[in-house]
Amino acid sequence: MTKPENTPRQIFNGIFDCWLCELNTILEQLVTAANSNNCNDNKGDSGSVLHLLIIQSIGHYEEYYKMKSDAEKGDIISLFAPAWLTSLEDASLWIAGWRPTTVIHLLYSKSAGIQLEASLANLIPLFTAGDLGDLNLIQLNRVEELQKKTVRAERRIGEKIAKVQESAADTSMVDLSNAISEMIREENEDGVMDHNGRVESMLEPKTGALEEVVHMADGLRMKTLKAVIEILTPIQGVYFLIAVAELRLRVHDWGLKRDGD
Numbered sequence: 004m005t006k007p008e009n010t011p012r013q014i015f016n017g018i019f020d021c022w023l024c025e026l027n028t029i030l031e032q033l034v035t036a037a038n039s040n041n042c043n044d045n046k047g048d049s050g051s052v053l054h055l056l057i058i059q060s061i062g063h064y065e066e067y068y069k070m071k072s073d074a075e076k077g078d079i080i081s082l083f084a085p086a087w088l089t090s091l092e093d094a095s096l097w098i099a100g101w102r103p104t105t106v107i108h109l110l111y112s113k114s115a116g117i118q119l120e121a122s123l124a125n126l127i128p129l130f131t132a133g134d135l136g137d138l139n140l141i142q143l144n145r146v147e148e149l150q151k152k153t154v155r156a157e158r159r160i161g162e163k164i165a166k167v168q169e170s171a172a173d174t175s176m177v178d179l180s181n182a183i184s185e186m187i188r189e190e191n192e193d194g195v196m197d198h199n200g201r202v203e204s205m206l207e208p209k210t211g212a213l214e215e216v217v218h219m220a221d222g223l224r225m226k227t228l229k230a231v232i233e234i235l236t237p238i239q240g241v242y243f244l245i246a247v248a249e250l251r252l253r254v255h256d257w258g259l260k261r262d263g264d
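Counting in my numbering, the sequence shown tops out at residue 264, every number present.
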């Protein structure tokens, strides 16, 4: 008997751990580069290294969404309860992924925390210039504008997913549900089987709409991440990407521990 081929979702599930391992490797490289930058007087040389690491890190997240897009084909519903994520991660999902404004909140949390630590240390900086504690007023204004823009985009996408979800109880769904229920009560198995094609035809546009909304949400996630990086200096971008990777990896670890208990 020929062994059936794995679905795109199963393939993605199998390589997700590899993606996380690569993310951990990138994190180590980012930390090394940040430490080296603090000790390096020749900022010009280190700047090009930081820039390349930022490109590599962003590319790694883009690869994730490319693999995820492949997994969506023919199995979009499963992405709303992805097998490769833990229950803890599932609880934070917004349209099959993290909410785009999360990265902006992360930036605020990280920069505010550093500034507070410096203040508590009698205004002696704990980090060198270029870390997230020294965002200037222009940068903060740009981040605020980005947040407003992203919130508006989230709202538009949220309205679209709401319409798709509401369609679960539209007239066609209710009528077909009633018709099949009657056949089940009458033990008309042939009639139920005959309606399978009609069920698939009715669900197809709904799943297509779901796929479109997920693509929009994933696009906004990457767009927001890139927009934050564009606001930051190279060393700030490295520190920010360190925080993003650390949070991503640690939440996954915590989720695995909770699910294993």
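Quick reminder that beta carbons are idealized off the backbone N, C-alpha and C, glycines included.
When Ala230, Ser175, Ala115, Arg155 are compared against Glu203, the one with the closest alpha-carbon: Among Ala230, Ser175, Ala115, Arg155, the Cα nearest to that of Glu203 belongs to Ser175.
task: Spatial neighbours of Ile79 within its chain, please: CB distance less than 6 Å, with the 5 preceding and 5 following residues excluded, ordered by chain position.
output: Closer than 6 Å at Cβ, skipping near neighbours: Thr210, Leu213, Glu214.
With H, G and I counted as helix, E and B as strand and the rest as coil, what does DSSP make of Glu192? In the three-state scheme derived from DSSP, where H, G and I count as helix and E and B as strand, Glu192 is classed as helix.
- Message: Taking a contact to mean a Cβ-Cβ separation below 8 Å, would you say Phe15 touches Lys69 in this structure?
- Response: At the C-beta level, Phe15 and Lys69 stay beyond 8 Å of one another.
Task: Pro7 (DSSP reduced to helix, strand or coil) - done: Reliability fails at Pro7, whose pLDDT of 49 lies under 50, so the model's placement of it is uncertain and the value that follows must be treated cautiously. Assignment of Pro7 by DSSP, reduced to helix, strand and coil, places it in the coil class.
Q: Could you spell out where the alpha helix (DSSP H) holding Phe243 opens and where it closes?
A: Residues 237–263.
ask   = How would you label Asn40, buried or exposed, when you count the other beta carbons within 10 angstroms and need 16 or more for buried?
value = Its Cβ being crowded by 16 or more others within 10 Å, Asn40 is buried.
Nearest by alpha-carbon distance to Ile1: which of Leu250, Lys260, Gln239, Val146 is it?
In this structure the chain extends from 4 to 264, so residue 1 is not present and cannot be described.
Excluding the 5 residues preceding and the 5 following Lys260 in the sequence, name in chain order all residues of the same chain whose CB lies nearer than 7 Å to its CB.
Cβ within range, chain order: n/a, list empty.
Query raised in the report: Does DSSP classify Ile141 as helix, strand or coil?
Result: In this structure, Ile141 counts as helix in the three-state DSSP scheme.
Output the residue ranges of the alpha helix (DSSP H) runs that lie fully inside the stretch 65–112 and measure 4 residues or longer, sorted by chain position. Runs found: 90–93.
Between Leu30 and Ile187, which are expected to be in contact by the criterion C-beta below 8 Å, what is the C-beta distance as a whole number of angstroms? With a Cβ gap of about 53 Å, Leu30 and Ile187 do not count as contacting.
ask   = Can Gly263 and Leu91 be called in contact, C-beta distance under 8 Å?
value = Cβ atoms of Gly263 and Leu91: not closer than 8 Å.
Quiz item: Can you tell me whether DSSP reads His198 as helix, strand or coil?
Solution: Note: His198 maps to coil in three-state DSSP.
Discussion item. For Thr35, tell me which candidate among Leu250, Tyr242, Arg251, Val254 has the shortest Cα-Cα distance.
Written reply: Closest in C-alpha terms to Thr35, from the list Leu250, Tyr242, Arg251, Val254, comes Tyr242.
Distance CB(Asp221)-CB(Gly100) smaller than 8 Å:
In this structure, Gly100 lies closer than 8 Å to Asp221 by Cβ.
Margin query: Going by beta-carbon coordinates alone, are Gln142 and Thr104 separated by less than 8 Å?
Written below: Against a cut-off of 8 Å, the Cβ pair of Thr104 and Gln142 comes out as no contact.
| request: Determine the DSSP secondary structure at Asp173, reduced to helix, strand or coil. | output: In the structure shown, Asp173 sits in coil (DSSP, three-state: anything other than H, G, I, E or B).
Fill in: Cβ-based neighbour list, Ala156, same chain, cut-off 6 Å, excluding 5 preceding and 5 following
Excluding residues within five positions, the ones whose Cβ falls inside 6 Å are Leu223.
Out of curiosity, what's the CA-to-CA distance linking Leu26 and Val146?
The alpha-carbon separation between Leu26 and Val146 amounts to approximately 25 Å.
Problem set entry | Outcome for Thr131 when other beta-carbon atoms lying within 10 angstroms are tallied against a minimum of 16 | Interpretation of Thr131 is limited by its pLDDT of 43, a score under 50 that renders its predicted location unreliable; the figure taken from the coordinates is listed afterwards. With fewer than 16 other Cβ atoms within 10 Å, it is exposed.
### Message
If you reduce the DSSP assignment to three classes, tell me which class Asp134 lands in.
### Response
Asp134 falls in the coil class under three-state DSSP.
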